[in-house]
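For the sequence shown, the numbering used here assigns the number 1 to the initial residue and increments by one for each residue that follows. All C-beta atoms in this analysis are idealised placements derived from N, C-alpha and C, irrespective of residue type, glycine included. Data block below; observations after.
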Amino acid sequence: MEDVKRYTFREKFSWALYDWANSVFATTVLAGFFPLFFKSFWAGELTDVASTALLGTVSSISGFIIVVLAPILGAMADFTGKKKVF
Numbered sequence: 001m002e003d004v005k006r007y008t009f010r011e012k013f014s015w016a017l018y019d020w021a022n023s024v025f026a027t028t029v030l031a032g033f034f035p036l037f038f039k040s041f042w043a044g045e046l047t048d049v050a051s052t053a054l055l056g057t058v059s060s061i062s063g064f065i066i067v068v069l070a071p072i073l074g075a076m077a078d079f080t081g082k083k084k085v086f
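Dropping the structure here:
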């Protein structure tokens, strides 16, 4: 059985900052700015209801693709045994 690695304070703090920054990006950019960007660039000629429906449909399709591909890509990553190098 392998020993459990003890992480340093710096490593834990770095991951905490990374998680915080990732959460800020997701809540600010994806939830706040992307719908406005989507409406102005890709659905500008549609009504508000139609552009919202299109955004929901595109989000649902991309989520479904992630659900299908994530286990496959995860198995491929596990099979190769590569770890993050940074």
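Straight-line gap, residue i to residue j (C-alpha atoms, nearest Å)
i	j	result
Ser-59	Trp-20	23 Å
Ala-50	Lys-83	44 Å
Ser-23	Leu-30	10 Å
Thr-52	Thr-28	18 Å
Ala-70	Ile-61	14 Å
Phe-64	Phe-41	24 Å
Asp-48	Thr-57	14 Å
Nearest-angstrom beta carbon gap, residue j and residue i [assumed within contact, 8 Å]
i	j	result
Phe-38	Leu-55	5 Å
Collapsed DSSP secondary structure at residue i in the structure displayed
i	result
Lys-83	coil
Gly-63	helix
Leu-46	coil
Thr-28	helix
Close beta carbons around residue i, own chain, < 8 Å, minus the five adjacent residues each side
i	result
Leu-87	The requested residue 87 is not part of the displayed model; the chain covers only 1 to 86.
Close-in-space but distant-in-sequence residues of the same chain around residue i (CB under 7 Å, 5 per side omitted)
i	result
Thr-8	none
Phe-13	none
Pro-35	Leu-55
Any non-hydrogen atom of the ligand MN closer than 7 Å to residue i Cβ
i	result
Phe-9	As far as ligands go, the structure on display features none, and thus does not contain the ligand MN.
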